[in-house]
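Mapping of the sequence shown onto my numbering: position 212 corresponds to residue 321, and the numbering continues sequentially without gaps. Structure, as structure tokens:
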Amino acid sequence: MAAAPKAVTSVTIAGITFRNVVIAASGTFGYGREFAGFIDLSALGGVCTKAVTLEPREGNPPPRVAETPSGILNSIGLQNPGLEAFIRDELPFLLRSGTKVIANVAGRSAEEYAAVAGALGGAGVDAVELNVSCPNVSEGCMAFGTSPKATERLTREVKEACAVPVFVKLSPNVSDIAEMALAAEAGGADAITMVNTLLGMAVDIKTGRPVLGNVTGGLSGPCIKPVALRMVYEVCMKVGVPVIGMGGIAGYEDALEFLMVGARAVMVGTAGLCDPYAHIKCVEGLERYMGSNGIGDVGELVGLALP
């Protein structure tokens with residue numbers, strides 16, 4: 110008896126064919142080297158880099174990370190070596206890794222976003238992800254990500270400057286995330302990634318002082334999954350562009366939920382800090398699930414929970 114054909118786990122988003130639907134999320138995966146000693150990066154659908162800004166940034170004062178029940182708070186503050194150093198020292202390794210590369214981009218102004226995205230598009234990345242949603246910096250990012258008009262304008266300006274697909278990463282710290290998604294789509298976004306971290310804080314009861322040096326930080330991990338899942342569901346019912354879901358995905362079961370509410374792919378972040386094999390386990394779990402349930406193409410799972 111002939112063996113059953115292998116299930117199709119690849120997905121094409123904005124003209125980019127990802128080997129599978131599991132992408133390493135920005136921020137917790139560094140620039141790929143940090144995990145390359147544990148996993149084969151080419152086995153992932155893609156890698157989204159830590160944020161890249163025009164100039165180097167030192168980030169926020171420590172402490173920068175605090176554990177919470179079922180998650181963590183982080184206040185890194187977009188620490189990175191800057192555009193020039195990233196292209197020179199980090200990007201060549203990723204381009205040789207055999208996986209798709211999405212560069213997360215941040216800036217203080219629309220002009221900075223456009224300059225960085227344009228340079229990275231010309232340097233060989235497959236797509237750029239506009240970070241309009243980081244809650245841990247004093248300028249840029251959230252200033253764009255909480256205003257529909259600013260999001261639409263920024264997306265349009267970056268699209269004009271960038272030769273590769275532009276993904277827009279949305280913040281959950283808004284009253285109507287579907288409105289923000291529609292604004293990004295109106296600006297020409299090729300895809301939407303969501304959600305970034307929720308704004309939170311922790312207090313040391315021994316000192317009576319905030320735990321984080323920046324007082325507040327971004328909450329991530331399993332504790333935010335129900336919120337993220339609800340938001341992806343709402344957005345997938347409103348927009349026509351592909352959505353890549355994230356927020357508390359720790360295993361393939363979580364990934365399945367995001368696919369079923371309409372996400373075309375998923376990003377795994379905080380789980381990798383607890384288990385460096387989390388991304389690959391997610392890939393393998395999805396493959397087993399599809400095989401056990403006679404699902405020939407991962408696309409068959411997308412949107413099953415939508416009305």
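All residues carry an ideal CB built from backbone N, CA and C; glycine is no exception.
- Under the three-state reduction of DSSP output, V273 falls in the coil class, being neither helix nor strand.
- Bridge partners of G139 according to DSSP: none are assigned.
- At a Cβ-Cβ threshold of 7 Å, V348 and E269 do not count as neighbours.
- Looking at A236, K115, S256 and C271, the one whose alpha-carbon comes closest to that of S280 is S256.
- R128 and G405 have their alpha carbons spaced roughly 15 Å apart.
- Uninterrupted beta strand (DSSP E) stretches at least 3 residues long and entirely within the stretch 160-228 occur at 174-177, 180-183 and 209-214, given in chain order.
- Segment contact: the stretch 310-317 against the stretch 274-290, fewer than three CB-CB distances shorter than 8 Å; contact not assigned.
- The bridge partners DSSP lists for E238 are N213 and F276.
- Unbroken beta strand (DSSP E) stretches of 3 residues or longer found wholly inside the stretch 259-323: 275-278, 300-303 and 307-310, given in chain order.
- Annotation for P274: A123, A236 and D299 place their beta carbon closer than 6 Å to its own, counting only its chain and skipping 5 residues before and after.
- L263 and V352 have their alpha carbons spaced roughly 19 Å apart.
- Per the C-alpha coordinates, the member of Y222, R205, S206 and G207 positioned closest to N213 is Y222.
- Judged by DSSP in its simplified three-state form, A359 adopts coil rather than helix or strand.
- Bounds of any alpha helix (DSSP H) do not take in C157; it lies within the beta strand (DSSP E) bounded by G155 to C157.
- Remark: C-beta atoms of E238 and K278 approach each other more closely than 7 Å.
- Taking 7 Å as the cut-off, the beta carbon of V375 is found closer than this to the beta carbon of V130.
- Counting along the chain, S401 sits inside the alpha helix (DSSP H) bounded by residues A387 to S401.
- DSSP, reduced to helix, strand and coil, places M340 within a helical segment of the structure shown.
- In the structure shown, the three-state DSSP call for G371 is coil.
- The alpha-carbon separation between G381 and G139 amounts to approximately 11 Å.
- Distances from the alpha-carbon of Y342 to those of V411, V407, G394 and G296 put V411 closest.
- Cα atoms of P335 and A359: separation of roughly 13 Å, rounded to the nearest angstrom.
- Under the three-state reduction of DSSP, G233 is assigned to coil, being neither helix nor strand.
- Closest in C-alpha terms to V174, from the list P165, F147 and G186, comes G186.
- Membership of A123 in any alpha helix (DSSP H) is not indicated, and neither H nor E is assigned to it by DSSP.
- Between the C-alpha atoms of P385 and G378 there is a straight-line separation of about 10 Å.
- Around the Cβ of G141, a 10 Å sphere holds 16 or more other Cβ atoms; the residue is buried.
- Taking C-alpha positions only, M303 is separated from C271 by approximately 21 Å.
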